[in-house]
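Written below as structure tokens is the structure these notes are about.
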Amino acid sequence: MSPLIEVTKKDVVSETWEEPFYLNMGPQHPSTHGVLRIVLHLEGETIVDCDPIVGYLHRGVEKLGENLNYNQAIILSDRLDYIASVANNTAFALAFEKIFNLKVPRRAQLLRTIVCEMARICNHLLWLATHALDIGAMTVFLYCFRDREWLLNVFEKICGARLTHSYVRVGGVRLDFTSEIIDELYKFTEEFPNRILDYETLIDVNRIWLKRTKGIAVVSAEEAINLGLTGPCLRGSGVPYDVRKFRPYDAYEEVSFIVPTGKNGDTYDRYRVRMEELRQANSIIRQCLDKLPETEGQPVVADNAPDLLIPEKRKSAVALPHPKKGYFFKAKEEDVVPPGEAFASIESPKGELAVYVVSDGSNKPWRLRIRTPSFVHISAIPDLTRGHLIADLVAIIGTLDVVLGDSDR
Amino acid sequence: MAGLIQKILFLEILKGLALTLKKMLFARPVTIQYPEKDRLIPAPGFRGRHALVRDENTGDTICVACLRCVKVCPSLCINVEYEVDKEVGKRKVTKYEIDVLRCVFCGYCEEVCPVNALVLTEFYDYGGTTREDLFFDKEKLLKNWDEFIVTQKRPYLNPFWKPRGVPDKLLPARKRQFTGV
Chain A
0 MSPLIEVTKK DVVSETWEEP FYLNMGPQHP STHGVLRIVL HLEGETIVDC DPIVGYLHRG
60 VEKLGENLNY NQAIILSDRL DYIASVANNT AFALAFEKIF NLKVPRRAQL LRTIVCEMAR
120 ICNHLLWLAT HALDIGAMTV FLYCFRDREW LLNVFEKICG ARLTHSYVRV GGVRLDFTSE
180 IIDELYKFTE EFPNRILDYE TLIDVNRIWL KRTKGIAVVS AEEAINLGLT GPCLRGSGVP
240 YDVRKFRPYD AYEEVSFIVP TGKNGDTYDR YRVRMEELRQ ANSIIRQCLD KLPETEGQPV
300 VADNAPDLLI PEKRKSAVAL PHPKKGYFFK AKEEDVVPPG EAFASIESPK GELAVYVVSD
360 GSNKPWRLRI RTPSFVHISA IPDLTRGHLI ADLVAIIGTL DVVLGDSDR
Chain B
0 MAGLIQKILF LEILKGLALT LKKMLFARPV TIQYPEKDRL IPAPGFRGRH ALVRDENTGD
60 TICVACLRCV KVCPSLCINV EYEVDKEVGK RKVTKYEIDV LRCVFCGYCE EVCPVNALVL
120 TEFYDYGGTT REDLFFDKEK LLKNWDEFIV TQKRPYLNPF WKPRGVPDKL LPARKRQFTG
180 V
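As you go down the protein sequences, you meet chains A and B in turn. The first sequence begins at 0 in numbering that gives the first Met the number 0 and counts up by one. The second sequence begins at 0 in numbering that gives the first Met the number 0 and counts up by one.
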């Protein structure tokens, strides 16, 4: 697009006003889901072009992570996509486990799958609530937050925190479930499908909802792939790409679920995909809960998992022959982790979240790189908004499901 | 045809209205009147205000100044100073400070503590108007423990002191037999 500040003169000869109209949306606009600033180039109420500006929430998570040890770096991942922190924790832990060459116990895998899907439900409920509120449906917002509260209470019982869980650690999870939590989750999975029906009754066929979402921000399958969209945004265009199916991690191989896809690739289809995902997530939780009794009593952390406090160098004794008799032992410093690199990606609720980590043998990652879905989705905003009205921009930011903590890192 | 009737009679909107009316009349309200009427009771293991466990025999902390919590803290909010008692050969804590405004409440400190001296209590509604209010020194941390433990059943065992499902091999010796204070 043209430079932002463009000095143009009024065409004295012409009768019409030729100066392009620029408008700043954000960074404090409530419907930009955080601190996203969008410079709009308008013609009347139609958006000719727009330029999203990110970085207002930049905290340098990647660089910070290089100064903390592997287990401490997981704490930082809570602050990326703070709506589904467990999913981020899992992505970090999976990458680090590849470096440590750890095999996670089956019970820990099942627990991780359960909490990941709980995070997905939390995220989609919050997405539906805010998206509907942006578009103008207040009731759905209240109902969604009521049910999200239920899950957050379960999270509180599981790990003692409601938002920044830091539940997953390298080699497993930090705490086992109690029977109380399992009962509560069974109750939730029984009840939740009825709740989804409630939301659908309210907005699925509502004419205002249909008018605001059908035919808005249509992305074809090819375009979606070129823009780098992942997650529900890509599946809404009819591409059945899901990391859980293509590169299964944790216990996703054991559970059966379908990957919902849309047809037209508009905002309504993406909404339908997410609603189906809520049902699938619910059934995945149920299947994992059914499998939990098989692993009763197993540890939730791998035996050779590193301590939370990873030492800088590991010392091992080397026996050397003593000149007079016997041996004397000398401490030999060893690398805590083998040097190398690892890449892990998961299907986070918003899209594909990938972590690439390079180790130089010390207890800290030498390089930590995070590929977050929100950043890529924000870059797709100009292509999606061209030709739409300002009011639709709100729906488009909502349908892409961006979180600025995730994007700016 | 059915679509046309639905469109003229506002059927889908009426359905939605019926749902909200049903919820209004028959569903129990989920909102709570905090803090006037209802108090929230956090789940056991909630990571709230910090406290140092008071030893009932000596009346002092049971911290052995191993500095593991200082090293594991990702936000560097714990500051510990100690002196070595020459006769016994043991460390004695002289200063234990936690800057709560820096803390991220990950609970790593209570998990790595080999003697279970530190705990994130389930007390959550503390706030301050100055920075000093949220800077806990040793006396304040011990006072937090006294305020917290009277509300709890004895023996008290925090889930993070001895995490459920973590094999004994990974725990320090004193945590394996620990049953609570």
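Every residue gets a Cβ at the ideal spot worked out from N, C-alpha and C, and that includes glycine.
Annotation: the continuous alpha helix (DSSP H) that includes A:Glu221 extends over 220–226. In summary, the residues of the region 287–298 of chain A whose CB is separated from some CB of chain B by less than 9 Å are Gly296, Gln297, Pro298, in the order they occur in the chain. Per DSSP, the continuous beta strand (DSSP E) segment holding A:Gly339 begins and ends at 339–347. For A:His130, no beta strand (DSSP E) encloses it; the enclosing alpha helix (DSSP H) starts and ends at 105–134. For A:Pro320, the enclosing beta strand (DSSP E) begins and ends at 313–320. For the C-beta of A:Ile74, the chain B residues within less than 7 Å are, from N- to C-terminus, Pro73, Val103, Cys105. In the DSSP secondary-structure assignment, A:Val354 is bridged to A:Ala343, A:Ile369. In the DSSP assignment, B:Val79 falls within the unbroken beta strand (DSSP E) covering 77–84.
From the beta-carbon of A:Ser236, no residue of chain B is found nearer than 8 Å; the closest lies around 26 Å away.
For the pair B:Ile31 and B:Asp37, the Cα-to-Cα distance works out to about 6 Å. If one requires a minimum length of 4 residues, the alpha helix (DSSP H) runs lying completely within the region 157–232 of chain A are 178–202, 206–212, 220–226, in chain order. The beta carbon of B:Ile61 is closer than 7 Å to those of Val52, Asp54, Val114, Ala116 in its chain, skipping five residues each way along the sequence. Taken in chain order, the complete alpha helix (DSSP H) segments of 4 or more residues contained in the region 41–110 of chain A are 60–64, 69–76, 84–99. Excluding five sequence positions before and after B:Phe122, the CB atoms of its chain that fall closer than 6 Å to its own CB belong to Gly47, Arg48, Phe147, given in chain order.
Each of A:Ile389, A:Gln27, A:Tyr198 was checked against the Cα of A:Leu124, and the nearest Cα belongs to A:Tyr198. Of the other Cβ atoms in all chains shown, fewer than 16 fall within 10 Å of the Cβ of A:His321; this residue is therefore exposed.
The beta carbon of B:Glu110 falls within 8 Å of a beta carbon belonging to chain A, placing the residue at that interface. When the beta-carbon positions are compared, A:Asp241 and A:Val218 stay at least 8 Å from each other. By the Cβ neighbour-count rule, A:His57 is exposed, with fewer than 16 other Cβ atoms within 10 Å of its own.
Ranked by how close their Cα comes to the Cα of A:Arg173, the residues B:Val111, B:Gln151, B:Thr93, B:Trp144 have B:Val111 in first place.
Contact residues of the region 300–312 of chain A toward chain B are Val300, Asp302, Ala304, Asp306, Leu307, Leu308 (C-beta to C-beta distance below 8 Å). Taking a cut-off of 8 Å on C-beta distances, the region 172–189 of chain A touches the region 161–170 of chain B, as three or more cross pairs fall below it. With its beta carbon at least 8 Å from every one in chain A, B:Gly179 lies outside the interface.
Of all residues in the region 143–167 of chain B, only Pro158, Phe159, Pro162, Arg163, Gly164, Val165, Pro166 come within less than 8 Å of chain A when Cβ atoms are compared, listed by chain position. Each residue's CA atom was taken as its position, placing A:Asn100 and A:Ala341 some 10 Å apart.
Around the beta carbon of B:Gln176, a 10 Å sphere encloses fewer than 16 other beta carbons of the protein chains shown; the residue is thus reported as exposed. For B:Val87, no beta strand (DSSP E) encloses it, and the DSSP letter there is neither H nor E. A:Arg366 and A:Glu18 do not touch by the CB rule: their CB atoms are close to 47 Å apart, not below 8 Å. DSSP places A:Asn23 inside the beta strand (DSSP E), whose first and last residues are 20–24. Interface criterion not met: the Cβ of B:Thr60 is under 8 Å from no Cβ in chain A. Around the beta-carbon of A:Pro239, fewer than 16 other beta-carbon atoms lie within 10 Å, marking it exposed.
Residue A:Asn88 holds the alpha-carbon nearest to the alpha-carbon of A:Thr163 among A:Leu233, A:Gln286, A:Asn88. In this structure, A:Leu110 lies away from A:Val300, with their beta-carbon atoms at least 8 Å apart. Cα atoms of A:Val375 and A:Ala343: separation of roughly 18 Å, rounded to the nearest angstrom.
Within its own chain, the residues whose Cβ lies closer than 7 Å to the Cβ of A:Gly235, once the five positions on either side in sequence are excluded, are Gly261, Gly264, Asp268, Arg269, Val272, listed in chain order.
In this structure the region 322–342 of chain A touches the region 353–368 of chain A; the number of beta carbon pairs closer than 8 Å is three or more.
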